[in-house]
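**Q** Each position in the sequence shown, counted from 1, maps to that position plus 53 in our numbering.
Don't be surprised by glycine CBs; every beta carbon is placed ideally from N, CA and C.
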Amino acid sequence: MEFGVVYEDELILAVDKPAGLPVHPSASYHRNTLTQLLRDRYGSPSPQIAHRLDKETSGVLVCGKTPESERAIKRAFEDRRVEKTYQAIVRGEIEQDSGRIEAAMARPREGLHLLMEVRPIDDGGLPAVTDYKVLGRRDGLSLVELYPVSGRQHQLRVHLAHIGHPIVGDKLYGPEGHSVFFEVIEHGMTPELRARLGLERQALHASELTIPHPFEDEQITLRAKLPDDMANLWENGLSASALE
Numbered sequence: 054m055e056f057g058v059v060y061e062d063e064l065i066l067a068v069d070k071p072a073g074l075p076v077h078p079s080a081s082y083h084r085n086t087l088t089q090l091l092r093d094r095y096g097s098p099s100p101q102i103a104h105r106l107d108k109e110t111s112g113v114l115v116c117g118k119t120p121e122s123e124r125a126i127k128r129a130f131e132d133r134r135v136e137k138t139y140q141a142i143v144r145g146e147i148e149q150d151s152g153r154i155e156a157a158m159a160r161p162r163e164g165l166h167l168l169m170e171v172r173p174i175d176d177g178g179l180p181a182v183t184d185y186k187v188l189g190r191r192d193g194l195s196l197v198e199l200y201p202v203s204g205r206q207h208q209l210r211v212h213l214a215h216i217g218h219p220i221v222g223d224k225l226y227g228p229e230g231h232s233v234f235f236e237v238i239e240h241g242m243t244p245e246l247r248a249r250l251g252l253e254r255q256a257l258h259a260s261e262l263t264i265p266h267p268f269e270d271e272q273i274t275l276r277a278k279l280p281d282d283m284a285n286l287w288e289n290g291l292s293a294s295a296l297e
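1) Using DSSP's beta-bridge definition, name the partner residues of Ser97.
2) Using the beta-carbon count (16 or more within 10 Å), is Met169 buried or exposed?
3) Could you check the C-alpha separation between Glu146 and Gly193 for me, to the nearest Å?
4) Apart from the five residues just before and just after Ser122, which ones in its own chain have a Cβ nearer than 6 Å to its Cβ?
5) Is DSSP giving Pro201 helix, strand or coil here?
6) Sorted by chain position, which residues of the same chain lie with C-beta nearer than 8 Å to Arg160's C-beta, five sequence neighbours on each side aside?
7) What does the alpha-carbon distance come out to for the pair Ala156 and Tyr139?
8) Are Gln255 and Pro265 touching if we call contact CB-CB under 9 Å?
9) For Leu199 versus Leu213, is the C-beta spacing smaller than 9 Å?
10) Less than 6 Å between C-beta atoms, sequence neighbours within five positions excluded: which residues of the same chain meet that for Gly290?
11) In whole angstroms, give me the CA-to-CA distance for Glu239 and Leu246.
12) With a CB to CB cut of under 6 Å and the five nearest residues on each side skipped, what residues in its chain are close to Leu114?
13) Please report the distance separating the alpha-carbon of Thr119 from that of Ser292.
14) To the nearest angstrom, how far is it from the Cα of Ile154 to the Cα of Val182?
15) Since Leu196 sits in a beta bridge, which residues does DSSP pair it with?
16) Quick one: measure Cβ to Cβ for Leu87 and Phe130, integer angstroms, because I've assumed they're closer than 8 Å.
17) Can you list, in chain order, the residues of its chain whose CB lies under 7 Å from that of Leu188, leaving out five sequence neighbours each side?
18) Give me the Cα-Cα distance between Glu148 and Gln208, rounded to the nearest whole angstrom.
19) Applying the criterion that 16 or more other CB atoms from any shown protein chain within 10 Å of the CB defines a buried residue, is His77 buried or exposed?
20) In terms of residue numbering, what span does the beta strand (DSSP E) encompassing Val115 cover?
21) On a CA-only basis, which of Pro180, Arg92, Gly217 is nearest Gly228? Give me that one, please.
22) Could you give the C-beta distance for Gly73 and Lys108, rounded to a whole number, given that I count them as a contact under 8 Å?
23) Could you check where the alpha helix (DSSP H) with Val237 kicks off and where it finishes?
24) Exposed or buried, which one is Thr243 when buried takes at least 16 other CB atoms within 10 Å?
25) Need the endpoints of the beta strand (DSSP E) that Gln272 sits in, please.
26) According to DSSP, is Pro280 helix, strand or coil?
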């Protein structure tokens, strides 16, 4: 029910969204959403969210405080004038210090509609590119910085799983596949399931965003520090059951 503020002026509000907080209302979530919390804190009209983060992803999220600034920010995203940086903790120690993942993606032709999968362009896949840099390695984990060149749904999660280093806590693209997703729906987050996952949510954080200011001739960079749950995971490592 809380969120931090990393930047605010008369046109822009940038929040540090916590993991577990949905951005928009849905069939499952009505009041406990960032949209509602913004309305509760700022009244009406409230700042309007200009892009999206998954419920389980934490970090920088930008809102326009006027209709004009909201449209300008959304145009910047559409025109790819926004530089995005994420941090993730992944399974396995990535060998290369940096690299590029180029793997086209599409929805599966059958099965769970939430999923995305790697599929060649000549078989219906859409181009998807992610650059990465390894920030550290320890005890079977890597801390990586990610720079999405394209913006496909679930791109970072799919790409990291594709190269054999899924994000810790990922219920769709982790080492057990999406069966874990159904376990959570049926049983909730049990201690045994949490131990297997390594973290209750996917260890993915939107750490930095550089955008053109809507009506000033300048770029602004917005940052959110690594949240405590990911910092603790990096410091303490995975349990034995999560490493199996």
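**A** So, to answer that:
1) According to DSSP, which records beta bridges pairwise, Ser97 is partnered with nothing at all.
2) buried
3) Distance between the alpha carbons of Glu146 and Gly193 is about 6 Å.
4) These residues qualify, in order along the chain: Leu64, Pro267.
5) Per DSSP, reduced to three states, the secondary structure at Pro201 is strand.
6) Closer than 8 Å at the Cβ level, and outside the excluded window around Arg160, lie His166, Leu168, Met169, Glu170.
7) So the alpha carbons of these two residues sit roughly 18 Å apart.
8) For the pair Gln255 and Pro265, the CB atoms are not nearer than the 9 Å cut-off.
9) yes
10) Asp192
11) 12 Å
12) Cβ within range, chain order: Val68, Lys70, Leu106.
13) So the alpha carbons of these two residues sit roughly 47 Å apart.
14) Between the alpha carbons of Ile154 and Val182 lies a distance of about 6 Å.
15) Bridge partners of Leu196: Ile142, Gly189.
16) Rounded to the nearest angstrom, the Cβ distance from Leu87 to Phe130 is 17 Å, too far for a contact under 8 Å.
17) Leu196, Val197, Glu198
18) 21 Å
19) exposed
20) 111–117
21) Strictly speaking, residue 228 in this sequence is Pro, with Gly absent from that position. Here the closest residue by C-alpha is Gly217.
22) 7 Å
23) Boundaries of the alpha helix (DSSP H) harbouring Val237: 232–240, taken from the DSSP string.
24) exposed
25) 272–276
26) DSSP places Pro280 in coil when its eight states are reduced to three.
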